[in-house]
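First residue of the sequence shown: 36, per our numbering; consecutive thereafter. Positions of the beta carbon are idealized from the N, C-alpha and C atoms, including for glycine. Only one structure is covered here, and it is reproduced in the block below.
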Amino acid sequence: MKVILVNGSPHKKGCTHTALNEVAKTLNKEGIDTEIFWIGIKPLAGCTACKTCAKTGRCMFDDTVNEFLDSAQDADGFIFGSPVHFAAAGGAITSFMDRVFYTDMQAGRQTFYLKPAAAVVSARRAGTTVTFDQLNKYFTISEMPVISSRYWNMVHGAQPDDVKKDLEGLQTMRVLARNMAFFLKCKEAGLKVGVQLPEREKPVFTNFIRE
(Lines of atoms letter the chains of each structure in order from A and count residues from 1; the text may use other names and numbers.)
(Lines give C-alpha, C1' and ligand atoms only; values in the text may rest on other atoms or scores of the structure.)
Protein backbone atom coordinates (compact mmCIF):
# COMPACT_ATOMS: atom_id res chain seq x y z
CA MET A 1 0.00 0.00 0.00
CA LYS A 2 1.12 3.52 -0.75
CA VAL A 3 0.25 7.03 0.41
CA ILE A 4 1.19 10.13 -1.59
CA LEU A 5 1.87 13.23 0.49
CA VAL A 6 1.58 16.47 -1.48
CA ASN A 7 3.80 19.36 -0.42
CA GLY A 8 1.96 22.51 -1.50
CA SER A 9 4.59 24.90 -0.19
CA PRO A 10 6.95 26.91 -2.40
CA HIS A 11 9.71 25.71 -0.06
CA LYS A 12 10.68 22.14 -0.92
CA LYS A 13 12.20 21.45 2.51
CA GLY A 14 10.30 23.97 4.62
CA CYS A 15 7.80 23.73 7.45
CA THR A 16 5.12 21.92 5.45
CA HIS A 17 7.65 19.32 4.33
CA THR A 18 8.80 18.87 7.93
CA ALA A 19 5.25 18.03 9.01
CA LEU A 20 4.62 15.72 6.06
CA ASN A 21 7.94 13.97 6.64
CA GLU A 22 6.89 13.16 10.21
CA VAL A 23 3.73 11.56 8.81
CA ALA A 24 5.71 9.67 6.16
CA LYS A 25 8.22 8.26 8.66
CA THR A 26 5.43 6.90 10.84
CA LEU A 27 3.56 5.45 7.86
CA ASN A 28 6.75 3.66 6.85
CA LYS A 29 7.02 2.16 10.34
CA GLU A 30 3.45 0.90 9.86
CA GLY A 31 4.45 -0.85 6.63
CA ILE A 32 2.97 1.75 4.26
CA ASP A 33 5.04 3.04 1.35
CA THR A 34 5.14 6.80 0.87
CA GLU A 35 6.04 9.42 -1.71
CA ILE A 36 6.31 13.14 -1.02
CA PHE A 37 5.18 14.99 -4.16
CA TRP A 38 6.29 18.64 -4.32
CA ILE A 39 4.16 20.83 -6.58
CA GLY A 40 7.18 23.03 -7.29
CA ILE A 41 7.60 26.76 -7.81
CA LYS A 42 6.64 27.15 -11.45
CA PRO A 43 3.45 29.18 -11.96
CA LEU A 44 0.29 27.08 -11.66
CA ALA A 45 -2.72 28.49 -13.46
CA GLY A 46 -6.14 28.10 -11.96
CA CYS A 47 -8.85 26.07 -13.67
CA THR A 48 -10.33 27.86 -16.69
CA ALA A 49 -13.36 25.52 -16.94
CA CYS A 50 -12.49 24.79 -20.57
CA LYS A 51 -13.45 21.12 -20.03
CA THR A 52 -10.63 19.84 -22.22
CA CYS A 53 -10.12 17.24 -19.51
CA ALA A 54 -13.58 15.80 -20.22
CA LYS A 55 -12.43 15.01 -23.78
CA THR A 56 -8.80 14.05 -23.27
CA GLY A 57 -8.64 12.90 -19.64
CA ARG A 58 -5.86 15.41 -18.96
CA CYS A 59 -5.65 19.08 -18.04
CA MET A 60 -4.85 21.40 -20.95
CA PHE A 61 -2.02 22.91 -18.88
CA ASP A 62 0.59 20.16 -18.97
CA ASP A 63 2.37 20.70 -15.68
CA THR A 64 2.60 19.02 -12.27
CA VAL A 65 -1.19 18.52 -12.19
CA ASN A 66 -1.02 15.90 -14.95
CA GLU A 67 2.17 14.49 -13.47
CA PHE A 68 0.47 14.03 -10.12
CA LEU A 69 -2.68 12.49 -11.60
CA ASP A 70 -0.57 9.91 -13.41
CA SER A 71 1.13 8.95 -10.13
CA ALA A 72 -2.09 9.06 -8.14
CA GLN A 73 -3.69 6.18 -10.00
CA ASP A 74 -1.71 3.61 -8.02
CA ALA A 75 -1.92 5.34 -4.63
CA ASP A 76 -4.15 4.05 -1.83
CA GLY A 77 -4.33 7.22 0.24
CA PHE A 78 -3.45 10.91 0.11
CA ILE A 79 -2.31 13.69 2.39
CA PHE A 80 -2.28 17.26 1.10
CA GLY A 81 -0.14 19.80 2.94
CA SER A 82 -0.30 23.58 2.66
CA PRO A 83 1.24 26.59 4.33
CA VAL A 84 -1.11 29.35 5.47
CA HIS A 85 -1.08 32.44 3.23
CA PHE A 86 -3.34 35.27 4.36
CA ALA A 87 -5.41 32.93 6.55
CA ALA A 88 -6.06 30.49 3.68
CA ALA A 89 -4.34 27.79 1.68
CA GLY A 90 -1.52 28.99 -0.57
CA GLY A 91 -2.44 30.13 -4.07
CA ALA A 92 -0.37 27.44 -5.79
CA ILE A 93 -1.85 24.49 -3.87
CA THR A 94 -5.35 25.94 -4.33
CA SER A 95 -4.92 26.11 -8.11
CA PHE A 96 -3.30 22.67 -8.06
CA MET A 97 -6.14 21.04 -6.14
CA ASP A 98 -8.85 22.83 -8.12
CA ARG A 99 -7.46 21.41 -11.32
CA VAL A 100 -6.56 17.97 -9.94
CA PHE A 101 -10.01 17.27 -8.59
CA TYR A 102 -11.89 18.90 -11.47
CA THR A 103 -9.85 17.03 -14.08
CA ASP A 104 -10.41 13.75 -12.28
CA MET A 105 -14.14 14.43 -12.02
CA GLN A 106 -14.61 15.52 -15.63
CA ALA A 107 -12.46 12.69 -17.00
CA GLY A 108 -14.41 10.12 -15.01
CA ARG A 109 -11.20 8.63 -13.63
CA GLN A 110 -12.44 8.07 -10.05
CA THR A 111 -8.84 8.27 -8.85
CA PHE A 112 -9.89 9.35 -5.36
CA TYR A 113 -13.09 7.36 -4.84
CA LEU A 114 -13.18 5.88 -1.30
CA LYS A 115 -9.44 6.45 -0.86
CA PRO A 116 -8.64 8.01 2.53
CA ALA A 117 -7.34 11.54 2.67
CA ALA A 118 -6.16 14.11 5.17
CA ALA A 119 -5.04 17.73 5.20
CA VAL A 120 -1.94 19.02 6.98
CA VAL A 121 -1.47 22.73 7.59
CA SER A 122 1.59 24.72 8.58
CA ALA A 123 1.57 28.27 9.91
CA ARG A 124 3.69 30.64 11.90
CA ARG A 125 0.73 31.66 14.02
CA ALA A 126 -2.90 31.83 12.79
CA GLY A 127 -5.18 30.84 9.92
CA THR A 128 -4.71 27.10 10.31
CA THR A 129 -8.29 26.05 11.01
CA VAL A 130 -9.63 28.02 8.05
CA THR A 131 -7.08 26.40 5.75
CA PHE A 132 -7.78 22.97 7.25
CA ASP A 133 -11.48 23.38 6.52
CA GLN A 134 -10.76 24.59 2.98
CA LEU A 135 -8.66 21.56 2.08
CA ASN A 136 -11.07 19.04 3.56
CA LYS A 137 -13.83 20.18 1.20
CA TYR A 138 -11.97 18.65 -1.75
CA PHE A 139 -12.11 15.27 -0.04
CA THR A 140 -15.73 15.30 1.03
CA ILE A 141 -17.01 16.18 -2.45
CA SER A 142 -14.96 13.30 -3.86
CA GLU A 143 -16.31 10.57 -1.55
CA MET A 144 -12.98 10.25 0.25
CA PRO A 145 -12.98 9.11 3.90
CA VAL A 146 -11.31 11.86 5.92
CA ILE A 147 -8.75 10.59 8.41
CA SER A 148 -8.53 12.48 11.69
CA SER A 149 -5.94 12.76 14.41
CA ARG A 150 -5.96 13.67 18.10
CA TYR A 151 -6.08 17.35 17.20
CA TRP A 152 -6.51 19.33 14.00
CA ASN A 153 -3.64 18.46 11.68
CA MET A 154 -1.43 21.51 12.08
CA VAL A 155 2.08 22.51 13.05
CA HIS A 156 3.45 25.92 13.99
CA GLY A 157 6.74 27.60 13.26
CA ALA A 158 8.43 30.13 11.02
CA GLN A 159 11.30 27.74 10.17
CA PRO A 160 11.63 23.94 9.98
CA ASP A 161 13.61 23.92 13.23
CA ASP A 162 10.65 25.67 14.91
CA VAL A 163 8.30 22.94 13.71
CA LYS A 164 10.62 20.30 15.16
CA LYS A 165 10.09 21.97 18.55
CA ASP A 166 6.29 21.84 18.19
CA LEU A 167 6.03 18.56 20.07
CA GLU A 168 2.22 18.49 20.10
CA GLY A 169 2.09 19.24 16.38
CA LEU A 170 4.54 16.45 15.57
CA GLN A 171 2.61 14.03 17.76
CA THR A 172 -0.55 14.99 15.86
CA MET A 173 1.26 14.04 12.64
CA ARG A 174 2.24 10.64 14.03
CA VAL A 175 -1.26 9.88 15.29
CA LEU A 176 -2.63 10.88 11.90
CA ALA A 177 -0.22 8.47 10.21
CA ARG A 178 -1.18 5.56 12.46
CA ASN A 179 -4.87 6.24 11.92
CA MET A 180 -4.33 6.37 8.16
CA ALA A 181 -2.42 3.08 8.26
CA PHE A 182 -5.16 1.44 10.36
CA PHE A 183 -7.87 2.53 7.93
CA LEU A 184 -5.92 1.29 4.91
CA LYS A 185 -5.35 -2.10 6.52
CA CYS A 186 -9.02 -2.39 7.49
CA LYS A 187 -10.12 -1.48 3.96
CA GLU A 188 -7.76 -4.04 2.45
CA ALA A 189 -8.94 -6.74 4.87
CA GLY A 190 -12.60 -5.97 4.17
CA LEU A 191 -12.19 -6.17 0.41
CA LYS A 192 -10.30 -9.46 0.74
CA VAL A 193 -13.21 -11.11 2.55
CA GLY A 194 -15.77 -9.86 0.07
CA VAL A 195 -17.12 -6.62 1.54
CA GLN A 196 -18.67 -4.85 -1.43
CA LEU A 197 -18.16 -1.22 -2.34
CA PRO A 198 -21.29 0.93 -1.88
CA GLU A 199 -23.89 1.13 -4.63
CA ARG A 200 -23.33 4.27 -6.69
CA GLU A 201 -26.07 6.49 -8.03
CA LYS A 202 -25.87 8.61 -11.16
CA PRO A 203 -25.08 12.21 -10.10
CA VAL A 204 -27.96 14.66 -9.94
CA PHE A 205 -27.18 18.32 -10.62
CA THR A 206 -29.67 21.02 -9.64
CA ASN A 207 -29.67 24.70 -8.92
CA PHE A 208 -32.08 27.00 -7.13
CA ILE A 209 -33.50 28.76 -10.18
CA ARG A 210 -37.22 28.12 -10.63
CA GLU A 211 -39.39 29.18 -13.60
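Under 8 angstroms between C-beta atoms of residue 205 and residue 190: On the sequence shown, position 170 is the one that residue 205 refers to. On the sequence shown, position 155 is the one that residue 190 refers to. The answer is yes: Cβ separation under 8 angstroms.
Any 3 or more C-beta pairs closer than 8 angstroms across the region 144-164 and the region 93-102: The region 144-164 is not in contact with the region 93-102.
CB contact flag (residue 53, residue 43, <8 angstroms): As a position in the sequence shown, residue 53 is number 18, starting the count at 1. As a position in the sequence shown, residue 43 is number 8, starting the count at 1. Using a Cβ distance threshold of 8 angstroms, residue 53 and residue 43 do not count as a contacting pair.
Rounded separation between residue 142 and residue 103 - CA only: In the sequence shown, the residue the question calls residue 142 occupies position 107. In the sequence shown, the residue the question calls residue 103 occupies position 68. The alpha-carbon atoms of residue 142 and residue 103 are separated by roughly 15 angstroms.
Cβ-based neighbour list, residue 137, same chain, cut-off 6 angstroms, excluding 5 preceding and 5 following: To locate residue 137, count along the sequence shown from 1; it is residue 102. So the list reads 82, once near-sequence residues are dropped.
Same chain, Cβ closer than 7 angstroms to residue 181, neighbours up to 5 away in sequence not counted: Within the sequence shown, numbered from 1, the residue matching residue 181 stands at position 146. Cβ neighbours of residue 181 beyond the five flanking positions: 152, 153, 171, 174, 175.
Within the region 82-135, ranges of the alpha helix (DSSP H) (whole runs, at least 4 residues): Secondary structure within the region 82-135: the alpha helix (DSSP H) runs of 4 or more consecutive residues, fully enclosed, are 87-91, 99-107 (chain order).
Residue from 164, 86, 215 whose Cα sits closest to the Cα of residue 133: As a position in the sequence shown, residue 133 is number 98, starting the count at 1. For the residues 164, 86, 215, the minimum Cα distance to residue 133 belongs to 86.
Stretch pair the region 67-81 + the region 225-232: three plus CB contacts closer than 8 angstroms: Short answer: they don't touch.
Proximity of residue 57 and residue 209 at Cβ, strictly below 8 angstroms: One-based indexing of the sequence shown puts residue 57 at position 22. One-based indexing of the sequence shown puts residue 209 at position 174. Contact flag set, yes.
Endpoints, the alpha helix (DSSP H) within which residue 191 is located: Start at 1 with the first residue of the sequence shown, and residue 191 comes out as number 156. Run containing residue 191: none in the alpha helix (DSSP H); it sits in the beta strand (DSSP E), 189-191.
Where residue 217 falls: helix, strand or coil (DSSP): On the sequence shown, residue 217 is found 182 positions in, with the first residue counted as 1. Correct three-state label for residue 217: helix.
Where residue 139 falls, given that 16 or more other Cβ within 10 Å makes a residue buried: Here the question's residue 139 lines up with position 104 in the sequence shown. By the neighbour-count rule (16 or more Cβ atoms within 10 Å), residue 139 is buried.
Strand pairing of residue 210, partner residues [DSSP]: The sequence position of residue 210 within the sequence shown is 175, counting from 1. Per DSSP, none; premise fails for residue 210.
Within 8 angstroms, strictly: CB atoms of residue 61 and residue 117: Here residue 61 is taken as the residue at index 26 of the sequence shown, counted from 1. Here residue 117 is taken as the residue at index 82 of the sequence shown, counted from 1. Not a contact, by the Cβ cut-off of 8 angstroms.
Neighbour-count burial assignment, residue 55, 16 or more Cβ in a 10 Å radius: Translated into positions along the sequence shown, residue 55 becomes position 20. The Cβ neighbour count for residue 55, taken over all protein chains shown within 10 Å, is at least 16; the residue is labelled buried.
Euclidean distance between Cα positions of residue 108 and residue 234: Working through the sequence shown from its first residue, we reach residue 108 at position 73. Working through the sequence shown from its first residue, we reach residue 234 at position 199. Residue 108 and residue 234: Cα-Cα distance of roughly 22 angstroms.
Selected residue, minimal CA-CA separation from residue 202, among 188, 215, 214: In the sequence shown, residue 202 corresponds to position 167, counting from 1. It is 188 whose Cα lies nearest to the Cα of residue 202.
Own chain partners of residue 198 with C-beta closer than 8 angstroms, once the 5 adjacent residues on each side are dropped: By one-based count along the sequence shown, residue 198 stands at place 163. Here the set comprises 50, 53, 54, 157, 190, 191, 192, 204, 205.
Coarse secondary structure for residue 227, derived from DSSP in three states: What you label residue 227 is simply residue 192 of the sequence shown in a count that begins at 1. If DSSP states are grouped into helix, strand and coil, residue 227 belongs with the helices.
Which residues DSSP lists as bridging residue 69, in chain order: The residue given as residue 69 occupies position 34 in the sequence shown. Beta-bridge pairing links residue 69 to 38.
One or two residues paired with residue 157 in a DSSP bridge: Here the question's residue 157 lines up with position 122 in the sequence shown. Per DSSP, the beta bridge partners of residue 157 are 118, 190.
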